[in-house]
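Take a look at the structure set out below.
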Amino acid sequence: MHHDSQLDLDKSFLSHSPGYWSGEGITEKEWNSHKWQLRNRITSLSQLEKHLNLHEDERNGVILSGTKLSMSITPHFFNLIDRNDPNCPIRRQLIPRIDETIISPYEMSDPCGEDSHMPVPGLVHRYPDRVLFLVTDRCASYCRYCTRSRVVSGAGDQTLSTEFEAAFDYLEKHTEVRDVLLSGGDPLLLSDSKLEKFLSRLRSIEHIEFIRIGTRIPIFMPQRVTDDLCQMLQKYHPLFMSVHINHPRELTLEVKEGLERLANHGVPLGNQSVLLRGVNDDADVMKVLVHKMLMCRVRPYYLYQLDLIQGSSHLQVPVAKGLEIMESLRGHTTGYSVPQYVIDAPGGGGKVPINPDYIVQRNSERVIIRNFEGKTFEYPEPAVQPDPLLDY
Ligand SMILES: *Cc1c(COP(=O)(O)O)cnc(C)c1O
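Here my numbering is used: the first residue of the sequence shown is 31, the next is one more, and so on.
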């Protein structure tokens, strides 16, 4: 499905300054400004057709996207599209397809059952000690397979109406919440000062130990990762960031520099990829991707099976393929580069780890295991002796 020479190219950290926009009189200063990047996003069919020959399925998809999930692509990210490759992995993630109107019976508008786990609008409390706080309904660009497309971008029929004061009240009262994950939409779309108000308010709550920001902006628009932003974030440690990278080509030189800037300010970086057909459903692509992440000081965290969001069938990958990819990583390469493959259980069960089976057989006396090479080994369960220094 991929050409080896293209994959070789995707292994390097290429710089992607103006590209498609060269010849349009864009200055370096404009290009490097995230405000310019936001103002000049590709949002219409005519802008898109100026640069790309669209397939009929894409053109029809763009026309229909206005009533479902808006199309929006930052110039930085648009530059990564290979205009001669109709199956370009960047294109598949961001350009709508008519297939999005095909709704399978098992697909849902809220596949993770979030709306039924909101004690306060905009605050999802599904796990005992942590919450998901939806702070905005907008992103810099829209992933076509968005799990929250029912409320994100403003095009669909539901709206996100986070009740901020009620949410902070809830967090103050619920002393069991020690971990808050800011998401949306993309929290880095907020200004530094707005974001700082959230972070300082969270830090004023004593039982909140750990803060995370879930964002794709360092990938869609690395210009947003300024020194000012990093200096502000480092006042609120321990603060982690989860980014979203699906294909090695997304790790450009500019993205790498932004990620390094965050890491230099003490922000540990994790990545959440989504397994997508024609994007990263390939062991070689995935290996290059996770290796490049480590070079950017990003630890692969989760590999998600694509949620059963309405209109996603053209991007779905069988679980068997996901397991095969996981097997191709574990043991064959650096343990730090191996994410946990998960399915977010349909209907609101939360994330469930999905692993290839390495236990061949197990009883109270022994475990038969197999290693990454397929060789089997026996681990005899040691007989537990009473320990006079322990109570058991
Ligand atoms: C993913 C998720 C979290 C965070 O889960 P971790 O496994 O700690 O990364 C928290 N709340 C909700 C609702 C989530 O979907």
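Even for Gly, the Cβ is constructed at its ideal location relative to N, Cα and C.
Own chain partners of residue i with C-beta closer than 6 Å, once the 5 adjacent residues on each side are dropped
{"i": "I275", "result": "I249 and N301"}
{"i": "G380", "result": "R156"}
{"i": "L75", "result": "V92"}
{"i": "V154", "result": "E144, H147, M148 and L162"}
{"i": "R160", "result": "D209"}
Per DSSP, cross-strand counterpart(s) of residue i
{"i": "I72", "result": "I103"}
{"i": "S35", "result": "BP columns for S35 are empty, so no partner."}
{"i": "D374", "result": "K381"}
{"i": "T363", "result": "R360"}
{"i": "V154", "result": "L162"}
{"i": "D209", "result": "R160 and F240"}
{"i": "T406", "result": "R400"}
{"i": "N62", "result": "Answer by DSSP bridge pairing: none, since N62 is not bridged."}
{"i": "L299", "result": "M271 and V328"}
{"i": "R307", "result": "Partner(s): none; R307 has no beta bridge."}
{"i": "Y266", "result": "Its beta-bridge partners do not exist; DSSP assigns none."}
{"i": "L333", "result": "S303 and Y371"}
{"i": "Q253", "result": "Per DSSP, none; premise fails for Q253."}
{"i": "M138", "result": "I339"}
{"i": "R392", "result": "V397"}
Distance, residue j Cα to residue i Cα
{"i": "I373", "j": "K317", "result": "20 Å"}
{"i": "S221", "j": "V368", "result": "34 Å"}
{"i": "Y366", "j": "E54", "result": "43 Å"}
{"i": "P278", "j": "D38", "result": "10 Å"}
{"i": "S171", "j": "L219", "result": "11 Å"}
{"i": "K286", "j": "I243", "result": "18 Å"}
{"i": "T189", "j": "K265", "result": "32 Å"}
{"i": "P126", "j": "L110", "result": "16 Å"}
{"i": "G288", "j": "D209", "result": "25 Å"}
{"i": "I355", "j": "L124", "result": "24 Å"}
{"i": "H237", "j": "E206", "result": "8 Å"}
{"i": "S42", "j": "R400", "result": "35 Å"}
{"i": "H362", "j": "H321", "result": "12 Å"}
{"i": "W61", "j": "L281", "result": "18 Å"}
{"i": "L333", "j": "V165", "result": "24 Å"}
{"i": "V309", "j": "V349", "result": "15 Å"}
{"i": "Q67", "j": "P252", "result": "10 Å"}
{"i": "L201", "j": "C118", "result": "43 Å"}
{"i": "P105", "j": "P383", "result": "36 Å"}
{"i": "Q391", "j": "I241", "result": "40 Å"}
{"i": "Q415", "j": "Y331", "result": "38 Å"}
{"i": "W51", "j": "R113", "result": "13 Å"}
{"i": "D387", "j": "H46", "result": "41 Å"}
{"i": "G186", "j": "R71", "result": "20 Å"}
{"i": "P370", "j": "G404", "result": "According to the sequence as given, residue 370 is Gln; it is not Pro. Cα to Cα, Q370 sits roughly 20 Å from G404."}
{"i": "I120", "j": "G296", "result": "30 Å"}
{"i": "S139", "j": "Y175", "result": "11 Å"}
{"i": "E411", "j": "I389", "result": "14 Å"}
{"i": "K203", "j": "R360", "result": "42 Å"}
{"i": "C173", "j": "R122", "result": "9 Å"}
{"i": "C326", "j": "R246", "result": "15 Å"}
{"i": "Q77", "j": "R89", "result": "12 Å"}
{"i": "Q335", "j": "L353", "result": "10 Å"}
{"i": "S223", "j": "S95", "result": "32 Å"}
{"i": "S394", "j": "R168", "result": "53 Å"}
{"i": "F107", "j": "E239", "result": "34 Å"}
Residues near residue i by beta carbon distance below 7 Å, same chain, minus five either side
{"i": "P141", "result": "T177, D337, L338, I339 and P376"}
{"i": "D311", "result": "L305, V347 and K351"}
{"i": "D314", "result": "L37"}
{"i": "V150", "result": "E193, A196, A197 and Y200"}
{"i": "H85", "result": "P116"}
{"i": "L324", "result": "T364, Y366 and S367"}
{"i": "I103", "result": "R71, I72, L124 and S171"}
{"i": "D40", "result": "P278, R279 and V318"}
{"i": "L44", "result": "T282 and L283"}
Cutoff 9 Å: residue i Cβ touching any chain B Cβ
{"i": "A197", "result": "Absence of chain B from the displayed structure is noted, only one protein chain being present."}
Nonlocal neighbours in the same chain, by C-beta distance under 8 Å from residue i, ignoring five residues either side
{"i": "L292", "result": "P248, V255, C260, L263, M271 and L299"}
{"i": "D129", "result": "D87, G91, G341, S343 and H344"}
{"i": "R396", "result": "E408, Y409, P410 and E411"}
{"i": "G152", "result": "F163, L164, V165, L190, S191, T192, E193, F194 and A197"}
{"i": "S378", "result": "Ser is not the amino acid found at residue 378; the sequence shown has Gly there. Counting only Cβ-Cβ distances below 8 Å, and skipping sequence neighbours, we find C142, G143, E144, S146, H147 and R156."}
Cβ-heavy atom distance, residue i to ligand 3, below 8 Å
{"i": "Y157", "result": "As for ligand 3, it is missing from this structure, which binds only ligand 1."}
**Request:** Pair every Cβ in the region 120 to 136 with every Cβ in the region 337 to 347, then say whether three or more of these pairs are closer than 8 Å.
**Result:** yes
**Message:** I want to know whether the region 176 to 192 touches the region 99 to 117 - three or more CB-CB distances under 8 Å.
**Reply:** yes
**Message:** Any contact between the region 261 to 276 and the region 225 to 236? By contact I mean 3 or more CB pairs, one from each, below 8 Å.
**Reply:** Taking a cut-off of 8 Å on C-beta distances, the region 261 to 276 touches the region 225 to 236, as three or more cross pairs fall below it.
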